[in-house]
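Enquirer: Numbering (UniProt numbering), first residue to last: 1 to 416.
For every residue, glycine included, the Cβ atom is placed at its ideal position computed from N, Cα and C.
Only a predicted model underlies this, so the values are computations on that prediction, with no experimental measurement involved.
Structure below.
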């Protein structure tokens, strides 16, 4: 099993991040995934290349990594054949190890992934008619202990590195076959941007809504998303990326200023008593403080509304009075906002039930009547525990032989 110890951190204590920009490896080679171009140049120079060579090779390698998605230096055809073994000896192009891949009846895909030091985490891809959204994890486990969330029952093990975060996006592109094709010759010249268009792609959006609290791993999340948004990197618009927080108020302004992506807030209640129960972080950063931080979030506007996530829990937070108070609070703080109503996704041992469809509709109608968009999110991936709040790694309960049998059975079914 994993060879690093758990960090025993209560939910109301800010975790102390471990500064680590490179995904650690037992073989001593350096994983380049997750590193910006300048950091790659520095590493090449430290490994013995002169300044001019280090700069050129860093530019070439960066493009092959993020535009072409190659996983072997041997595939970098514009780099001299004698240079490729030198790179292979010292560096590696990593991907998270896939322990298990599941496919829901509704098209949702879930991957159970493993880090190089043996820890497991999950990511989910949700296809829709007009978009495809990848739900990305930022930590192994979680420290927030939200009562309705299965992930919240896990201990926080450690932060994911930038490479392990951006590696999820790259692994999804691998699986979806969405890397551009063509020559990488002539990097010193202006490239034909048409070669890198994202039009027609299956993966169009990213949400930092997987395992963990992104703002408790701020630097690594920032580094990964900068690569995702880099025009010379994965080149996904910041308007197609949403970061979800349970309300780490001190980091919200930095998120807007330094990352600049869309903000989603896991609100889930409109009174202190109820939110203290189901989102314990509220005891540290209360609703009023949280909403004030939302009002000050850089870049928010009617065109870029803040999303409030609200899980519907039967007889807990779903009354008409709660809906009206939600409208009142949003208007009081003059927030450009919409509300995503999320039917509770049950899991074994959960202490809550989902609100009835009639109650969810009534709640939605009241918020809509208040002039605020409040769509009801359609549950996706429930049959593979990939729905909102259901992510929790359980593969350690299965033997390697059992996983191999299941994979073989899946192949048989697919080929039948």
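Could you name the residues of the same chain whose beta carbon sits closer than 6 Å to that of residue 132, not counting the 5 residues immediately before and after it, in chain order?
Expert: 202, 203 and 204
Enquirer: Given this structure, state the Cα-to-Cα distance separating residue 66 from residue 58, to the nearest angstrom.
Expert: Their Cα atoms are separated by approximately 12 Å.
Enquirer: Looking at the strands, I want to know which residues DSSP matches up with residue 307.
Expert: When beta bridges are read from the DSSP output, residue 307 appears opposite 264 and 338.
Enquirer: Ends of the alpha helix (DSSP H) at residue 368?
Expert: 357-369 is the extent of the alpha helix (DSSP H) around residue 368.
Enquirer: Exposed or buried, which one is residue 89 when buried takes at least 16 other CB atoms within 10 Å?
Expert: exposed
Enquirer: Is it right to say residue 391 is buried, meaning 16 or more other beta carbons lie within 10 angstroms of its own, or is it exposed?
Expert: Low confidence applies to residue 391: its pLDDT is 42, below 50, so where it sits in the model is not reliable, and the reading given next is rough at best. By the Cβ-count criterion, residue 391 is buried, with 16 or more other Cβ atoms from all chains shown falling within 10 Å of its own Cβ.
Enquirer: Sort out for me which residues DSSP pairs residue 110 with in a bridge.
Expert: Partner(s): 102 and 124.
Enquirer: Within a Cβ cutoff of 7 Å, which residues of the same chain sit near residue 306, ignoring the five residues on either side of it in sequence?
Expert: 263, 265, 294, 297, 300, 335, 336 and 337
Enquirer: If I follow the unbroken beta strand (DSSP E) through residue 135, where does it start and stop?
Expert: 132-135
Enquirer: Please report how far the alpha carbon of residue 99 lies from the alpha carbon of residue 125, in whole angstroms.
Expert: 16 Å
Enquirer: Closer than 8 Å is the cut-off here; do at least three beta carbon pairs connect the stretch 357-365 with the stretch 312-330?
Expert: These segments touch.
Enquirer: Should residue 254 go down as buried or exposed, given a rule of 16 or more other Cβ atoms within 10 Å for buried?
Expert: exposed
Enquirer: Going by the DSSP bridge assignment, what does residue 92 pair with across the sheet?
Expert: 31
Enquirer: Checking the sheet assignment: what are the DSSP bridge partners for residue 244?
Expert: The beta-bridge partner set that DSSP reports for residue 244 consists of 264.
Enquirer: I'd like to know if residue 172 contacts chain B, where contact means its C-beta is closer than 8 Å to some C-beta of that chain.
Expert: Looking for chain B here will not work: only one protein chain is present.
Enquirer: Let me confirm a value: residue 128 is counted as buried when at least 16 other C-beta atoms fall within 10 Å, else exposed. Which label applies?
Expert: exposed
Enquirer: I believe residue 227 touches residue 166 by the beta-carbon criterion, under 8 Å. Please report the beta-carbon distance rounded to the nearest angstrom.
Expert: 5 Å
Enquirer: Between the C-alpha atoms of residue 171 and residue 180, what's the straight-line distance to the nearest angstrom?
Expert: 14 Å
Enquirer: Rounding to the nearest angstrom, what Cα-Cα distance links residue 249 and residue 343 in this structure?
Expert: 26 Å
Enquirer: For residue 208, which of helix, strand or coil comes out of DSSP?
Expert: In the structure shown, residue 208 sits in a strand (DSSP, three-state: E or B).
Enquirer: Under three-state DSSP, which class holds residue 255?
Expert: helix
Enquirer: Return the chain-ordered list of same chain residues with a C-beta closer than 6 Å to the C-beta of residue 281, the five sequence neighbours on each side being excluded.
Expert: 144, 246 and 247
Enquirer: Taking the alpha carbon of residue 161 as the point to measure from, which residue in 105, 95, 206 and 277 has its own alpha carbon closest?
Expert: 95
Enquirer: Applying the criterion that 16 or more other CB atoms from any shown protein chain within 10 Å of the CB defines a buried residue, is residue 353 buried or exposed?
Expert: With fewer than 16 Cβ atoms within 10 Å of its Cβ, residue 353 is classed as exposed.
Enquirer: In the DSSP assignment, find the alpha helix (DSSP H) that holds residue 39 and state where it starts and stops.
Expert: 37-46
Enquirer: In terms of alpha-carbon separation, which member of 142, 221 and 149 lies closest to residue 168?
Expert: 221
Enquirer: Are the CB atoms of residue 225 and residue 274 within a distance shorter than 8 Å?
Expert: The answer is no: Cβ separation not under 8 Å.
Enquirer: Give me the Cβ distance between residue 93 and residue 72, rounded to the nearest whole Å; I'm assuming they're in contact under 8 Å.
Expert: Between residue 72 and residue 93 the Cβ distance is about 7 Å, and since that is below 8 Å, they are a contact.
Enquirer: So residue 215 and residue 251 are in contact, right, with Cβ under 8 Å, and what is the actual spacing, rounded?
Expert: Contact flag correct, Cβ pair sits at about 4 Å.
Enquirer: Mind checking residue 138: buried by the 16 CB within 10 Å criterion, or exposed?
Expert: buried
Enquirer: Secondary structure at residue 140, three-state DSSP: helix, strand or coil?
Expert: strand
Enquirer: Taking the beta carbon of residue 78 as the centre, do at least 16 other beta carbons fall within 10 Å, making it buried, or is it exposed?
Expert: Per the 10 Å Cβ criterion, exposed.
Enquirer: May I ask which residues mark the beginning and end of the alpha helix (DSSP H) holding residue 220?
Expert: 218-229
Enquirer: Got a sec? Which residues, its chain only, sit under 7 Å from residue 329 by beta carbon, not counting five neighbours each side?
Expert: Excluding sequence neighbours, residue 329 sits near 270 and 291.
Enquirer: Assuming residue 122 and residue 111 form a contact by the criterion Cβ under 8 Å, report the distance between their Cβ atoms to the nearest whole angstrom.
Expert: Contact between residue 122 and residue 111 is confirmed by a C-beta separation of about 7 Å, below the 8 Å threshold.
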